[in-house]
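Numbering (the working numbering), first residue to last: 61 to 486. Here the structure is laid out as structure tokens; the discussion comes afterwards.
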Amino acid sequence: MDWPLTHGPVPCTVLAAGWAALALLAISRHERWRAPRMIGALLLGALLTVLVKFVVDDWWHPFPEGTPDFVLRWTAVALFALSLLCFRAPLLPARRRFLAAGGLLLVVLMAASQVNRGFDQYPTARAMLAPHTDELTTGRAAATVQGAPGRPLAELWHAPAGLPDKGTLSTVTVPGTRSGFDPRPGYVYLPPAYRANPRPLLPVVVLMPGQPGAPEDWVNSGALRESLDAFAARHQGLAPIVLVVDETGGNFANPLCMDSRIARSQTYLGVDVPDWIHRNLQTATGRGALAIGGLSLGGTCALQLAVNAPDVYGTFLDISGQEEPTLGTHQETVDQAFGGDEAAFDAVDPVHLMAGRKYPDTAAMIVVGANDPWFRPGQEKIHAAAQAAGMKVGYQTIPGGHSWTVFRQAFEQNLPWLAQQTGLIR
Numbered sequence: 061m062d063w064p065l066t067h068g069p070v071p072c073t074v075l076a077a078g079w080a081a082l083a084l085l086a087i088s089r090h091e092r093w094r095a096p097r098m099i100g101a102l103l104l105g106a107l108l109t110v111l112v113k114f115v116v117d118d119w120w121h122p123f124p125e126g127t128p129d130f131v132l133r134w135t136a137v138a139l140f141a142l143s144l145l146c147f148r149a150p151l152l153p154a155r156r157r158f159l160a161a162g163g164l165l166l167v168v169l170m171a172a173s174q175v176n177r178g179f180d181q182y183p184t185a186r187a188m189l190a191p192h193t194d195e196l197t198t199g200r201a202a203a204t205v206q207g208a209p210g211r212p213l214a215e216l217w218h219a220p221a222g223l224p225d226k227g228t229l230s231t232v233t234v235p236g237t238r239s240g241f242d243p244r245p246g247y248v249y250l251p252p253a254y255r256a257n258p259r260p261l262l263p264v265v266v267l268m269p270g271q272p273g274a275p276e277d278w279v280n281s282g283a284l285r286e287s288l289d290a291f292a293a294r295h296q297g298l299a300p301i302v303l304v305v306d307e308t309g310g311n312f313a314n315p316l317c318m319d320s321r322i323a324r325s326q327t328y329l330g331v332d333v334p335d336w337i338h339r340n341l342q343t344a345t346g347r348g349a350l351a352i353g354g355l356s357l358g359g360t361c362a363l364q365l366a367v368n369a370p371d372v373y374g375t376f377l378d379i380s381g382q383e384e385p386t387l388g389t390h391q392e393t394v395d396q397a398f399g400g401d402e403a404a405f406d407a408v409d410p411v412h413l414m415a416g417r418k419y420p421d422t423a424a425m426i427v428v429g430a431n432d433p434w435f436r437p438g439q440e441k442i443h444a445a446a447q448a449a450g451m452k453v454g455y456q457t458i459p460g461g462h463s464w465t466v467f468r469q470a471f472e473q474n475l476p477w478l479a480q481q482t483g484l485i486r
């Protein structure tokens with residue numbers, strides 16, 4: 061289950077088998093298999109690819125940035141194989157048709173493997189499975205230890221004997237009590253120190269996935285538990301509590317993390333989520349102990365909450381986020397969310413807000429893949445705007461594109477920074 065799927069022998073074997081299967085589909089000594097049929101298969105594959113691109117990018121339009129080129133290329137390969145099968149099948153006996161269908165499946169598997177390599181979504185087979193979860197610790201400790209001004213929590217609390225080696229990961233539902241928002245279940249990580257007596261009052265990091273995506277992406281693809289357990293092992297069992305929430309309500313939904321005609325998702329993230337934390341967990345309190353972060357759309361949402369609710373979140377981590385909240389074009393976004401009211405959009409748009417006020421007490425980290433053609437230019441503009449707004453802001457590029465190779469490293473690399481900003485370590 062832990063064999064690598066994005067490098068090593070498994071993807072290489074799948075790649076070789078897929079190309080071999082495509083060659084067998086394309087080559088035939090049958091007297092009726094001539095150039096016109098091959099050309100017909102090429103034309104049909106190209107037509108199907110154009111149709112898929114039109115349906116996804118122009119009609120359905122689930123992704124504001126459109127379908128990445130490398131995904132279209134591998135889609136074209138799979139559709140060419142399907143076209144070859146359509147032209148070959150009438151010429152084959154029944155038994156060989158099944159073999160040809162098996163060849164098509166190998167080509168589709170190859171294409172899926174290469175797309176997975178591009179996004180690094182599933183680094184191992186285990187990442188495709190539902191994560192193991194524990195029962196949520198809900199009891200409140202009678203004795204607690206909290207940080208003090210100038211004294212991080214790690215200097216005031218010390219691990220007792222017998223502290224567990226690993227933290228717990230539990231499935232939770234954070235309801236939209238005030239907002240009416242209907243989220244999917246999320247996850248909460250509690251570090252080993254949370255089960256100690258006296259209990260340290262830990263800071264909380266709220267994390268959000270991208271779109272398409274779900275909270276379990278951070279757990280499966282983002283190696284969330286492993287990164288936090290490793291951090292805790294270096295800090296006496298201390299680590300931030302991490303709550304992964306659903307900011308979209310569906311894999312392809314996008315309520316823009318705003319209060320708009322679409323949904324009241326800013327109220328969900330800025331009111332319902334903090335309320336749930338304080339009701340169900342025993343944590344440090346105040347904006348300085350509450351951070352928010354996310355990847356891609358989740359990174360955009362983290363920025364939005366930090367500037368629209370600065371009294372709630374004092375720190376944010378924006379990984380490969382967008383320059384502005386978007387449903388496609390700027391006009392489409394304003395029309396759908398605010399009925400064409402540009403002023404209403406500007407009143408909650410991060411770039412406009414940062415141009416009009418200062419945020420000297422907000423800490424920010426802007427991260428993007430060095431080879432990310434879609435999001436790097438926007439992240440550079442967000443970094444400049446945050447600097448101009450007086451934020452304590454950092455900017456990082458990580459080798460890679462818009463993929464989990466970058467997202468995983470960005471979170472793990474910035475865990476110490478998050479812990480420092482929220483008063484956990486010095």
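Here a beta-carbon is modelled for each residue, glycine too, at the ideal position from N, C-alpha and C.
Q: Return the chain-ordered list of same chain residues with a C-beta closer than 7 Å to the C-beta of Pro-64, the five sequence neighbours on each side being excluded.
A: Val-70, Pro-183 and Thr-184
(Q) Could you pull the DSSP bridge partners for Ser-230 from this structure? (A) Val-248
Q. Which word fits Phe-147, buried or exposed, when buried means at least 16 other C-beta atoms lie within 10 angstroms of its C-beta?
A. buried
Q. Which runs of the alpha helix (DSSP H) spanning at least 4 residues fall entirely within the segment 149 to 186, listed in chain order?
A. 154 to 179
Q: Since I believe Ala-344 is in contact with Gly-199 (beta carbons under 8 Å), could you give me their beta-carbon distance rounded to a whole number of angstroms?
A: 18 Å between Cβ atoms; not a contact.
Q. How far does the alpha helix (DSSP H) with Gly-438 in it reach, from first residue to last?
A. 436 to 448
Q: Spell out the partners DSSP gives Leu-377 in its beta bridges.
A: Gly-353 and Met-425
Q | According to DSSP, residues forming a beta bridge with Gln-481 | A | Gln-481 is not bridged to any residue.
Q: Quick one: give me the first and last residue of the alpha helix (DSSP H) that Leu-85 is part of.
A: 69 to 86
Q: Could you tell me which residues DSSP puts in a beta bridge with Val-304?
A: Tyr-247 and Leu-267
Q. If you pair each beta-carbon of the segment 215 to 223 with each one of the segment 242 to 257, do three or more pairs fall below 8 Å?
A. yes
Q | Residues of its chain near Val-333, where Cβ-Cβ distance is below 8 Å and the 5 sequence neighbours each way are ignored | A | Val-234, Val-266, Leu-303 and Val-305
Q) When we look at the beta-carbon of Thr-73 and count the other beta-carbons within 10 Å, is it buried (16 or more) or exposed? A) exposed
Q.
Classify Asp-289: buried if its beta carbon has 16 or more other beta carbons within 10 angstroms, exposed otherwise.
A. buried
**Q.** Leu-145 versus Pro-459 - alpha carbon distance
**A.** 39 Å
Q.
Measuring only the C-alpha atoms, how far is Gly-461 from Ser-356?
A. 12 Å
Q. Just checking, does the segment 387 to 401 make contact with the segment 431 to 440 on the three C-beta pairs under 8 Å criterion?
A. no
Q: Can you give me the Cβ contacts of Gly-78 inside the same chain, cut-off strictly under 6 Å, excluding the 5 residues immediately before and after it?
A: Leu-166, Val-167 and Met-170
Q) Roughly how many angstroms separate the alpha carbons of Val-372 and Val-110, rounded to a whole number? A) 46 Å
Q) Just reading off the beta strand (DSSP E) that Gly-454 is part of, what are its end residues? A) 452 to 458
Q. From this set, Ala-407, Gly-162, Arg-186 and Thr-197, which residue's C-alpha is nearest Arg-339's C-alpha?
A. Thr-197
Q. Can you check whether the CB of Ala-172 is closer than 8 Å to the CB of Ala-160?
A. no
Q | Closest by C-alpha distance to Val-331, when choosing among Glu-384, Cys-317 and Arg-321 | A | Cys-317
Q: Please name the residue or residues paired with Thr-204 in a DSSP beta bridge.
A: Arg-259
Q: Count the other C-beta atoms from every protein chain shown that fall within 10 angstroms of the C-beta of Trp-119, then say buried if there are 16 or more, exposed otherwise.
A: exposed
Q | Own chain, CB closer than 6 Å to Pro-420, minus 5 neighbours either side, in chain order | A | Gly-450
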